[in-house]
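Chains R and A, in that order, give the protein sequences.
When we follow the working numbering, the leftmost residue of the first sequence carries the number 6, and every step to the right adds one.
When we follow the working numbering, the leftmost residue of the second sequence carries the number -5, and every step to the right adds one.
Every residue gets a Cβ at the ideal spot worked out from N, C-alpha and C, and that includes glycine.
Structure first, commentary second.
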Amino acid sequence: KAGVTQTPRYLIKTRGQQVTLSCSPISGHRSVSWYQQTPGQGLQFLFEYFSETQRNKGNFPGRFSGRQFSNSRSEMNVSTLELGDSALYLCASSSGQHSRYSGANVLTFGAGSRLTVL
Amino acid sequence: GESVGLHLPTLSVQEGDNSIINCAYSNSASDYFIWYKQESGKGPQFIIDIRSNMDKRQGQRVTVLLNKTVKHLSLQIAATQPGDSAVYFCAEKPPGAGGTSYGKLTFGQGTILTVHP
């Protein structure tokens, strides 16, 4: 069973540009979440999509946006890039099934897209 | 201004020792807690989770303990192996996210575990 696939794995942009990152979830998973990971702030939640609808949004400016397609694939976009947007962007998918013991919905993460803004 | 990187706690152990990684969580109303492991160049990998109404749960070579009185979570790894070397994160599901909000978690800063052969 294929895992979560994120593309591209690495990319370099300059300030002011925009970027689109792609995430293909595990087959059958309908929930996709995005996280930003930086040395300064750690892992921070960006947003979550379920069945093409945004369910939750983190505390990020409007330059960060996303969407989900009918096949559950998701994209996130960052416009007007700033130096501080340099980060590892992680996508995680889940089935929506809760753990028998905790109620947790297990997230499976991709390897991430490492964005460098110059 | 210049951002300051997180100074992650570190834990160094010898192969075969038991490891204990600690985490202080922030919200006493969180529904459940999860431990993730992140190896270099990879995304976080699920290890084990525990519901807020439990105080202990065991998995294969791992045990998670939850102390709600002091808002403390720990991960115990038995017979630690070099392959366990990674950054370990605790995460909590914040309240109010709703039953249909599956993916919003609040992560701790992480602990670097190094296992020496």
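For glycine 77 of chain A, the closest Cβ of chain R is not nearer than 8 Å. Scanning the stretch 19 to 79 of chain R from its first residue to its last, the whole beta strand (DSSP E) runs of 3-plus residues come out as 24 to 29, 36 to 43, 47 to 55, 58 to 62, 69 to 73. In its chain, beyond the 5 residues on either side, Thr25, Ser70 have a beta carbon closer than 6 Å to the beta carbon of asparagine 82 of chain R. Secondary structure at leucine 88 of chain R: helix, using DSSP grouped into helix, strand and coil.
Here the alpha carbons of tyrosine 54 of chain R and arginine 72 of chain R stand approximately 7 Å from one another.
Pairwise C-beta distances place the stretch 75 to 85 of chain A in contact with the stretch 17 to 33 of chain A, as three or more of them are shorter than 8 Å. Selection A:Pro89, A:Pro3, A:Lys36, A:Asn21 evaluated against threonine 63 of chain A yields A:Asn21 as nearest (Cα-Cα). Aspartate 43 of chain A carries a strand assignment under DSSP once its states are collapsed to helix, strand and coil.
Between the beta-carbon of glycine 8 of chain R and that of glycine 115 of chain R there is about 7 Å, and that keeps the pair under the 8 Å contact cut. The beta carbon of valine 7 of chain A lies closer than 8 Å to those of Ser13, Thr74, Leu107, Thr108, Val109, His110 in the same chain, with the five residues before and after it left out. Contact of valine 111 of chain R with chain A is assigned, a C-beta pair being separated by under 8 Å.
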